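Report on one structure; see the data block that follows.
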Amino acid sequence: SPGLYIVATPIGNLGDLTPRAAQILTRADVVAVEDSRVTAGLFRHLGTKGRMLPYHDHNADAVRPGLIARMATEAVALVSDAGTPLISDPGFKLVRDARAAGHVVTTIPGPCAAIAALTLAGLPTDRFFFLGFLPAKQQARAEAIAEVAAIRATLVLYESGPRLSACLAALAEGLGNRETAVAREITKRFEECVTGTLGELAARYADAPPRGEIVVVVAPPGEAPPASIEDGDAALAEALTRLP
Ligand code: SAM
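Letter by letter, the sequence shown follows residues 7 to 250 in the UniProt record's numbering.
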C-alpha cells in the first residue's frame with residue numbers, strides 16, 4: 007500500500023536482510039537509494055531489478071518533493087548503502103515531510119552498526135549516547151568531545167581506519183583514559199572487537215591503521231568497576247560504614 011517504508015539493509019552479511027525487507031524492496035514502486043551501484047548488488051542478491059531512484063545529500067532537496075507526491079499513490083522505500091537509513095545517513099527530512107503531508111510512514115528495522123557494536127563491546131548498555139562521526143578537523147573534534155565529557159553514558163561513534171588512532175588519542179585527552187572497544191568489520195569475514203583503554207588502543211593503531219569499517223564504543227565516566235564481586239562487596243561494606 008502507498009506510503010514511505012524505511013528499510014534497513016545488511017552491514018556486511020547479506021543473510022541479515024530480513025524477509026520483510028526483501029519483500030518490500032521487491033514490491034516497492036520506487037526505492038530511494040544512496041548509491042545505486044551499492045543497492046544494485048542487493049537487488050542482484052534478491053534476483054530482482056528494483057526501481058531505484060538516487061537520493062543522497064547532493065540531490066535530496068531537489069528530489070524530495072517528487073518523492074513525497076508519489077507516496078500518495080505509490081509505495082516508496084528508502085534504503086542507505088548499509089544498515090539503518092537516517093542513522094548517520096540521509097532520510098530524516100524525507101520522513102519529516104512525508105509525515106507533514108499525511109502519508110503513512112513505517113519502518114522495516116534491521117542491522118545498525120552502532121547497535122551491533124554495543125552488543126559486542128562488553129560495556130554498559132543501559133544508557134548510551136550516539137555521536138555519529140566526529141568532525142575531521144582537530145579543533146572541532148576536541149570541542150565535540152569536550153561537549154560530551156560529562157555525559158554519564160557509554161559513547162558510540164563511527165570512525166574511519168586512517169583517522170582512528172588520532173581520534174582515540176583525542177578522546178583520551180578529552181575524556182580521560184576510559185575503557186574502550188573498537189568493533190571492526192561487523193558481520194563480515196574479518197569481524198573483530200578489540201578492547202583496552204583509549205591510550206592503549208591509540209598506541210596500538212598509531213602505526214597500523216586498520217582496514218574496513220569501524221565503530222568506537224567508550225565506557226561512561228567515573229570509577230572503574232570493581233575487579234571482582236568480593237571487591238564490590240568490600241566497597242559496599244566500606245560505604246555503609248560511612249552512612250549516618
Ligand atoms: N546507517 C548505517 C548504520 O545503520 O549503521 C551507518 C552509516 S555510516 C555512513 C557508515 C559507518 O558505519 C562506517 O563508516 C562505520 O563507522 C559504520 N559501519 C557500517 N558498517 C559497519 C560494519 N560492518 N562494521 C563496523 N562498522 C560499520
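Glycine included, every Cβ here is placed at the ideal spot set by N, Cα and C. A quick note: this is a predicted structure, and the numbers were derived from the prediction, not measured.
CA-to-CA, the gap between Ala-66 and Ala-104 works out to about 14 Å. For the 9 Å CB-CB criterion, Glu-185 and Ala-225 form a contact. Distance between Ala-120 and Ile-114, taken at the CA atoms: about 17 Å. Judged by DSSP in its simplified three-state form, Ala-106 adopts helix.
Exclusion of Pro-71 from the 8 Å shell around the ligand SAM follows from its C-beta lying no nearer than that to any non-hydrogen atom of the ligand.
Taking 9 Å as the cut-off, the beta carbon of Glu-165 is found closer than this to the beta carbon of Val-222. The stretch 28-46 and the stretch 81-95 touch, with no fewer than 3 CB-CB distances between them shorter than 8 Å. Taking the Cα of Asp-213 as reference, the smallest distance to any Cα among Val-162, Val-110, Pro-168 is reached at Pro-168.
Fully contained in the stretch 64-97 are the following beta strand (DSSP E) runs of length 3 or more, in chain order: 81-84. Annotation: Phe-49 is outside any beta strand (DSSP E); the continuous alpha helix (DSSP H) that includes it extends over 42-52.
Ile-12 and Thr-112 have their C-alpha atoms some 6 Å from each other.
Put simply, the stretch 203-218 does not touch the stretch 135-153. Fewer than three CB pairs are less than 8 Å apart. The straight-line gap separating the alpha-carbon atoms of Gly-53 and Ile-151 is approximately 45 Å. A straight line joining the alpha-carbon of Ala-172 with that of Gly-202 spans about 16 Å.
A Cβ-Cβ distance of about 13 Å is found for the pair Ala-156 and Arg-133, leaving them out of contact under the 8 Å criterion. According to the DSSP assignment, Arg-190 belongs to no alpha helix (DSSP H) but to the beta strand (DSSP E) extending over 185-190.
For Ala-88, same chain residues with a beta-carbon under 7 Å away, outside a window of 5 residues either side, are Thr-15, Pro-16, Ile-17 in chain order. Counted as a single uninterrupted DSSP element, the alpha helix (DSSP H) harbouring Thr-32 occupies residues 25-33.
Taken from the Cβ of Pro-117, at least one heavy atom of the ligand SAM lies inside 8 Å. The criterion of a C-beta distance shorter than 9 Å is satisfied by Ala-34 and Arg-57. Burial is judged here by how many other beta carbons sit within 10 angstroms of a residue's own beta carbon; Glu-153 has fewer than 16 and is exposed. Spatial neighbours of Gly-128 in its own chain (CB-CB distance under 7 Å, excluding positions within 5 residues in sequence) are listed in chain order as Ala-187, Thr-201.
Taking 9 Å as the cut-off, the beta carbon of Pro-96 is found closer than this to the beta carbon of His-62. Among the bridge pairs identified by DSSP, Gly-202 is matched with Thr-186.
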